[in-house]
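Let me begin by presenting the structure, written as structure tokens, before commenting on it.
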Amino acid sequence: MSSSRCCTWTYERNVCRRAVARDDRCIFHLDNKTSVEADQFCRAFSEELQRFEKAEEPIIDFRGFVFPVDLQLKDHVFEKRLFLSGATFLRRAQFAGATFSDGAFFNDALFSELAGFSGATFSKEAIFCEAIILGHAAFHDVQFRGFTNFSEVKFKGYAAFDKAEFLGDAEFHYATFSDDVLFDGARFGRVAFRDTKFHGNLRVGARFDGSAVFERALFQRDTIESSDLSFLLEQDPYQNMSVTSFSGATVGPSGDVLFIQPREYNSRLGVEMNHAIDRVSFLNADLVGFNFQEVEWGRYHGRRAVVDEVLMSITPFENVTPEQVRQICARLRANEEKAFRYAEAGDFFIGEMDMRRRWLRGKGWRAIPERLLLWIFSGLSRYGESISRPALAAFILIFSLAGLRLGLHESSEWQFCQPLSFQESLTRSVASFFQLRSTALWTDTLERLLSIPILGVLFIALRRKLERRS
Ligand SMILES: [Zn+2]
0 MSSSRCCTWT YERNVCRRAV ARDDRCIFHL DNKTSVEADQ FCRAFSEELQ RFEKAEEPII
60 DFRGFVFPVD LQLKDHVFEK RLFLSGATFL RRAQFAGATF SDGAFFNDAL FSELAGFSGA
120 TFSKEAIFCE AIILGHAAFH DVQFRGFTNF SEVKFKGYAA FDKAEFLGDA EFHYATFSDD
180 VLFDGARFGR VAFRDTKFHG NLRVGARFDG SAVFERALFQ RDTIESSDLS FLLEQDPYQN
240 MSVTSFSGAT VGPSGDVLFI QPREYNSRLG VEMNHAIDRV SFLNADLVGF NFQEVEWGRY
300 HGRRAVVDEV LMSITPFENV TPEQVRQICA RLRANEEKAF RYAEAGDFFI GEMDMRRRWL
360 RGKGWRAIPE RLLLWIFSGL SRYGESISRP ALAAFILIFS LAGLRLGLHE SSEWQFCQPL
420 SFQESLTRSV ASFFQLRSTA LWTDTLERLL SIPILGVLFI ALRRKLERRS
């Protein structure tokens, strides 16, 4: 056979060498098949599959094949290592229920429509890196027993990995999900999402038995957007906003979910990269195994806050109550405190208390004493998180009461029959503030009464600062 009669298709130095059908390509590698050629392909393909399955060689090599029609290999058992690297599926690729007893290689493949793998079993490695999936990526109930690689895969359609089991290590580095993606009910061993982009809704109500890493992942945002959450309220409240939800996520005894999501300057792109987790909801997630190592949180009312608080009663959080948000804040506070990140813990404590007040609003007159107390506690010291607020309140109280005493022309106790000097008035005010004067003067009594809450919160705020940060 002369070389001009052989298919010249080459992949990683492997030359095809099958007989040419047209344009220097065999029937398998020919990319613009006519309907006659497509029929010819279908017959040749089933023969080729059988030939590989009966042959001595331990592989089935369909690299670079161009499938002009639906590929139906439902429930097929591949006993040899399967190579579909660089293949093009111009119609649906149906592998539902299939068993891949050895490795399966779909790297660089192009799925123009459905990539159907639901219920399939990958016994060894499953390699999809750099594949492009334009249609629905169906991976429901798939069992990945070996190393699984979805790095740099472009998922253009809806991707479903619900109830999938990743028993080996899994990687999704630099993968892009343009539409929604579902991992609810999935089980992960070790998994890493580094530089992964999630543009649509992401639901990760999964079980994590190993270490899961989200590093520099982009959750529903462009790179340089602000993480101030109040702008979400300016959007059309009825538009369905994309968010990430960890609702129902659980972490096994040796598992953890690690977030490394810093705001950083990307010198290559010349822009500030914002990997904030401001659109990530941790409602109903077991946060004990979560680790927020370096994270840019969303901000609201000048503090770190969760998206659930801002969008409470707005789609998709229409059923979220203040009590639920309070629980998220409390879990995040406990989590951050355990990791010694007190600034974050303090902000979530404020959120927790604010949500308690919001919840009390609906409780009628019985809640009035607690609401009043929390109102004072919040105003005077951000619930004990601020020292400057009670210090300022003390300063204002001391000086205004000193002024009041002068205005009332109280008599001096230092010099007989002399008007009260400013210095004496100030000394009297300071002593009253610290409960060191006990006279019949009503100004002293008033100041002593007013100073009680200020001294109380000052004590709480100081203790919190010193106990935590000493
Ligand atoms: Zn060929």
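At position 198 of the sequence shown (counting the first as 1) the number is 197 in numbering that gives the first Met the number 0, and the numbers step up by one without a gap. Backbone N, C-alpha and C fix where the C-beta goes; we use that ideal spot for every residue, glycine too. Note that this is a predicted model, so its numbers are computed, not measured.
So the alpha helix (DSSP H) P354 belongs to, where does it begin and stop? A quick correction: the sequence has Met, not Pro, at residue 354. 341–359 is the extent of the alpha helix (DSSP H) around M354.
Residues near ligand 1, criterion Cβ-heavy atom distance below 7 Å: C6, W8, C15, R17, R24, C25, F27, H28
Name the DSSP beta bridge partners of N265, please? V270
Helix, strand or coil for V19, going by three-state DSSP, please let me know. DSSP places V19 in coil when its eight states are reduced to three.
Identify the residues that DSSP records as bridge partners of P418: which are they? S410
Below 8 Å, how does it come out for the segment 346–354 and the segment 425–435: are there three or more Cβ pairs, yes or no? no
Proximal residues to S469 (C-beta, below 8 Å), its chain only, five neighbours per side dropped: Below a pLDDT of 50, predicted positions are generally treated as unreliable, and S469, at 39, falls in that range; no measurement from the model is reported.
Within its chain, find whatever has a CB closer than 8 Å to the CB of F110; leave out the 5 residues flanking it on each side and keep chain order. F88, A92, A130, I131, I132, L133, G134, A136
With DSSP run on the structure shown, which of helix, strand or coil describes I132? In the structure shown, I132 sits in a strand (DSSP, three-state: E or B).
C416 burial status per 10 Å Cβ neighbour count (16 or more: buried): exposed
Going by the CB atoms, is the gap between S226 and N273 shorter than 9 Å? yes
At the level of alpha carbons, what is the spacing between S399 and E466? 32 Å
Taking Cβ to Cβ, would you say E124 is nearer than 9 Å to A103? yes
Close Cβ partners of D74 (< 7 Å) along its chain, the five nearest in sequence each way excluded: G96, A97
In terms of residues, what are the limits of the beta strand (DSSP E) holding L89? According to the DSSP assignment, L89 belongs to no beta strand (DSSP E), since it is labelled neither H nor E.
Checking 9 Å against the spacing of the C-beta atoms, do R330 and I259 come in under that value? no
Is it buried or exposed, W374, if we count other Cβ atoms within 10 angstroms and call 16 or more buried? exposed
Starting from the C-beta of R206, find all residues in its chain whose C-beta is less than 6 Å away, skip the five residues before and the five after it, and write them out in chain order. R186, T249
Count the C-beta pairs between the segment 333–349 and the segment 358–367 that are closer than 8 Å, then say yes if the count reaches three, no if not. no
For N283, tell me which candidate among A304, V270, R325 has the shortest Cα-Cα distance. R325
Do you know offhand how far R298's Cα is from F197's? 21 Å
By Cβ distance below 6 Å, which residues in the same chain neighbour G204 in space, the five residues on each side in sequence not counted? D183, S246, G247, A248
Taking the alpha-carbon positions, what's the W364 to E335 distance? 35 Å
Exposed or buried, which one is H28 when buried takes at least 16 other CB atoms within 10 Å? buried
Can you have a look at R24 and say buried or exposed, based on whether 16 or more other CB atoms are within 10 angstroms of its CB? So R24 ends up on the buried side.
Out of R278, D38, D101, which one is the CA nearest neighbour of V294? R278
Looking at the structure shown, is S293 part of a helix, part of a strand, or coil, going by DSSP? Going by the sequence as given, residue 293 is Glu instead of Ser. Strand at E293.
With a cut-off of 8 Å on the beta carbons, I'd call R50 and Y10 a contact; round off their distance for me. About 19 Å; that fails the 8 Å criterion.
For the alpha helix (DSSP H) that contains S45, what are its first and last residues? Unbroken alpha helix (DSSP H) run through S45: 34–53.
Just curious, the beta strand (DSSP E) that D307 is in, first and last residue? Note, D307: premise wrong, no beta strand (DSSP E); alpha helix (DSSP H) at 306–309.
Inter-residue spacing [alpha-carbon to alpha-carbon] between A43 and G269: 52 Å
Go through its chain and collect everything with a Cβ distance to F458's Cβ below 7 Å, but skip five positions before and after it. none
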